[in-house]
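Novice: Take 66 as the starting number for the sequence shown in our numbering and just add one per residue.
Please find one structure pasted underneath; my questions will follow.
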Amino acid sequence: MAKGINRLTALAIKNAKPSTTLNDGGGLTLRVSASGGGRWSLRYKLRGQKQREMGLGPFPAVSLASARQGAARARVAIAEGLDPIIEAERAAEEKRQREQAESNAVSFGHYADHIFLPGKVQEFSSAKQAAQWERTFTEHAAALRDKPLADVTRDDVLTVLRPIWDTTHDTARRVRGRLEAMFSHAIQNGAYQGDNPATWRQFNHTLSAQRKLTDGHRRALPYDEVAGFIEALRTRQGGAVTALMVEFIALAACRMSEARFAVWGEIDRARAVWSLPSARMKMRRGHDTPLTGRMVEILDTMREQHRALHGRDPGPTDLIFASEKGDRPLSENAAMMLLKRMDYRDRMTVHGLRATFRTWAGECTEHPRELIEEQLAHQLGAVERAYVRGSTVERRRALMEDWSAYLDGTAPAGGGAEDGKVVALRTAAVKTA
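This is the structure:
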């Protein structure tokens with residue numbers, strides 16, 4: 066079979082006419098396409114069998130030299146009575162199995178740190194949330210980090226959960242959910258075989274029942290008590306950054322992280338608008354909040370404090386509500402400790418002020434539901450999105466001035482109509498200077 070091989074030259078291939086077949090000898094041919102490319106193949110026949118044809122790849126991706134090397138390997142197999150097509154398929158399967166074995170050998174810690182978490186943390190709008198997820202895999206699940214991911218079982222996950230399930234249940238519940246998310250990722254990407262070892266159904270007859278989270282998201286002050294809270298809050302201010310930030314959060318009905326990481330470049334004094342970029346929003350879309358008169362007063366106070374601390378006006382990237390050193394955001398614990406000192410910690414959370422605002426606006430005003438939800442930066446349905454049609458900041462300004470007046474204690478909850486009809490409150494003027 067080897068007689069008369071290596072007949073072709075690079076020049077002959079270059080000058081070949083389209084739609085022709087060139088013979089290199091020994092069964093190796095190049096079918097030249099109309100576009101100038103081509104495909105290599107090797108014709109061969111095993112004893113007692115029909116002639117077969119083995120593809121060796123496209124030209125010019127597979128050069129003449131490479132095609133000859135492939136043909137030579139195939140001829141060796143033929144000489145040994147083996148079918149080179151079957152041998153190639155066997156080699157490809159062995160390679161796949163080796164790669165699968167290598168994938169299965171990846172440790173739990175390596176998969177978490179280098180494969181799962183890098184993509185997952187991009188979904189989060191706050192650095193704290195990312196750090197909490199990372200701590201789950203570095204601290205709470207530390208016992209699993211060196212174990213091959215493919216070998217982790219339901220019992221291994223149980224050893225992580227059992228010591229903390231009843232003592233720090235909220236943390237344990239989150240840890241289980243994060244482990245479930247990672248194993249789901251691994252299953253879908255072929256790095257873990259079998260059922261997810263961290264789903265709740267694996268433990269619902271072993272661990273005590275899951276309880277509702279007690280991190281305070283559902284503790285909200287009744288709206289008829291919120292003006293009293295704001296009054297008590299202002300008596301504690303005197304320039305205290307935490308108290309000013311909490312009042313700002315109440316006035317804007319925003320999330321704590323949105324205020325904690327707010328920078329001066331997001332404030333548009335000319336339009337009296339606080340513009341939050343999409344990267345800092347939970348729903349990953351930009352959000353404009355109208356600045357009410359009281360919000361502007363708080364910003365003026367923070368600007369003066371910045372001047373006193375740094376001897377200059379704040380720049381666009383400077384934090385509005387910075388720590389005492391002025392270079393770090395306030396911690397969430399600062400706000401929680403403030404509520405504790407005010408004897409409000411067991412009755413509400415800062416995040417709960419959003420629920421207080423939502424209940425007041427829905428029950429005590431005639432402002433449209435769509436505007437209320439937009440102010441809270443909630444995801445709207447298709448019909449509501451069509452109604453809103455982009456930014457509604459100026460239409461929401463009246464809503465937020467009414468809320469500000471209510472927090473001041475200068476407006477009744479429902480407008481005070483004698484027939485009991487709920488009416489929208491009068492809009493106050495906006496201070497922009």
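For each residue, glycine too, the CB sits at the ideal point set by N, CA and C.
#1: What are the start and end residues of the beta strand (DSSP E) that includes Pro123?
#2: At which residue ranges does the stretch 231 to 309 contain complete alpha helix (DSSP H) runs of 4 or more residues, listed in the order of the chain?
#3: Which of the three DSSP states is assigned to Tyr471 in this structure?
#4: Which residue from Gly174, Gln187, Glu158 puts its Cα closest to that of Ser343?
#5: Pull up the CB-CB distance for Thr218 and Pro262, whole angstroms please, since I reckon it's below 8 Å.
#6: In or out: Glu499 buried (at least 16 other Cβ within 10 Å) or exposed?
#7: Whole angstroms is fine: what's the gap from His352's alpha carbon to Ile437's?
#8: Based on DSSP bridge pairs, tell me the residues matched to Tyr176.
#9: What are the residues that DSSP puts in a beta bridge with Gly91?
#10: With DSSP run on the structure shown, which of helix, strand or coil describes Gly69?
#11: Of all the options Leu111, Arg241, Leu472, which has the alpha carbon lying nearest to the alpha carbon of Gln275?
#12: In three-state terms, what does DSSP make of Ala387?
#13: What does Trp339 pair with, by DSSP beta-bridge criteria?
#14: Which residue wins for smallest C-alpha separation from Gly102, given the options Glu331, Leu87, Gly376?
#15: In or out: Ile151 buried (at least 16 other Cβ within 10 Å) or exposed?
#16: Helix, strand or coil for Gly102 per DSSP?
#17: Here's the rule I'm using: 16 or more other beta-carbon atoms within 10 Å means buried, otherwise exposed. How should Met402 be labelled?
#18: Counting only the same chain and skipping the five closest in sequence on each side, list residues whose C-beta sits under 7 Å from that of Ile50.
#19: Grouping DSSP H, G and I as helix and E and B as strand, with all else coil, what is Thr85?
#20: Whole-angstrom Cβ separation of Leu121 and Ala136, contact assumed at under 8 Å?
#21: Quick test of your reading: Trp339 and Thr357, contact by CB under 8 Å. State the CB separation rounded to the nearest angstrom.
#22: Could you pull the start and end residues of the alpha helix (DSSP H) that Gly376 belongs to?
Specialist: Based on what the coordinates show:
#1: 117 to 124
#2: 234 to 253, 288 to 300
#3: helix
#4: Gln187
#5: 6 Å
#6: Here the chain covers residues 66 to 498 and nothing more, so residue 499 does not appear.
#7: 13 Å
#8: None; Tyr176 has no bridge partner.
#9: Answer is none; Gly91 lacks a bridge partner.
#10: coil
#11: Arg241
#12: strand
#13: Ile332, Thr354
#14: Leu87
#15: exposed
#16: coil
#17: exposed
#18: Residue coverage of the chain in this structure runs from 66 to 498, which leaves residue 50 outside it and unanswerable.
#19: coil
#20: 7 Å
#21: With 8 Å as the limit, Trp339 and Thr357 do not qualify as a contact, their Cβ atoms being about 10 Å apart.
#22: First-last for Gly376: undefined, no H or E at that position.
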